[in-house]
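Below is one structure, written out as structure tokens; comments come after it.
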Amino acid sequence: MRRLQRDQISTATPETATLKQAQDLCINSGVVLTIIRPVPKTALSGATRWLTPRKALIQLSARHMTDDHLWFSFFHEAAHILLHSKRDVFVHETKGKLTKADIEANQWAADFLIPPDDWEEFTMTSHFSQRNVIRFAENQGISPGIVVGRLQYENHLPWSHLNYLKERLTWADDSTD
């Protein structure tokens, strides 16, 4: 996992190719990545634990079925592998009080997806039009939905704004083809 570089996972590519690429990169680094259907009546987005001293497991629930939540959750869970004890099990719930480890994982994920200096410069403009969000996302090599999600989370945008820039995820067996 330590070999994983920011540009190895381009979150601007189609979701299925990117998820497969993420799984391949993880497995080559000793990490199993699984995506499961959301657990009903919970706020679980992901979990991480070590299976052996050299193999870890990241489970994502794709709870909100949007690219911003999926990729933030992935990098949040990856942060636990990189930053925290191998003895602990980490469960990422979006409701409730955050632990110190979750605060650190949130910050690491946010900074990995968008470098802090770039984010600070972008948010100083306070003009978050569709065009500006897309341009910033392209410059970062990430999906515009990730930018929208962070703007919303940090209260720069109302939760109802620019959601159409988020990629909606679907389960393969839910398609109508």
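Here the sequence shown is numbered in this note's numbering, starting from 53 and rising by one per residue. Note that beta-carbon positions come from the ideal geometry of N, C-alpha and C, so glycine has one too.
Other residues of its chain near residue i: CB distance less than 7 Å, five sequence neighbours each side excluded
i	result
Ile133	Met53, Val83, Thr100, Ala108
Ser212	none
Gln111	Thr86, Ile88, Gly98, Ala99
Classification of residue i by the beta-carbon crowding that lies within 10 angstroms, buried from 16 upward
i	result
Asp170	exposed
Ala130	buried
Endpoints, alpha helix (DSSP H) assigned at residue i
i	result
Val199	196–205
Ala131	119–135
Val185	182–192
Residue i versus residue j: straight-line alpha-carbon distance, rounded
i	j	result
Ile87	Ile186	27 Å
Asp119	His128	14 Å
Phe188	Lys138	36 Å
Gln192	Asn207	21 Å
Val91	Gly201	22 Å
His136	Leu96	19 Å
Lys152	Ser181	34 Å
Ile155	Ala161	10 Å
Lys72	Ile198	19 Å
Leu214	Ile166	18 Å
Pro105	Tyr216	42 Å
Phe124	His179	23 Å
Close-in-space but distant-in-sequence residues of the same chain around residue i (CB under 8 Å, 5 per side omitted)
i	result
Leu150	Asn158
Arg89	Ser113, Ala114, Trp223
Leu221	Glu67, Ala114, Met117, Thr118, Asp119, Leu122
Thr255	The question about residue 255 has no answer here: the residues shown for the chain are numbered 53 through 229.
Thr175	Leu203, Glu206, His208
Bounding residues of the beta strand (DSSP E) (the contiguous stretch that carries residue i)
i	result
Trp22	A question about residue 22 goes unanswered here, because the residues of the chain that appear run from 53 up to 229.
Ala224	Unbroken run through Ala224: none, as it is neither H nor E.
Ala108	107–112
Cβ neighbours of residue i in the same chain (closer than 6 Å, five flanking residues each side left out)
i	result
Cys78	Leu85
Distance cut-off 7 Å: residue i Cβ against heavy atoms of the ligand SAM
i	result
His208	The ligand content of the structure shown is nil, which means the ligand SAM is not present either.
Taking only runs that begin and end inside the stretch 152–177, name each unbroken alpha helix (DSSP H) of 4 or more residues, in chain order. Taking only runs of at least 4 residues, the alpha helix (DSSP H) segments lying wholly in the stretch 152–177 are 152–165, 168–176.
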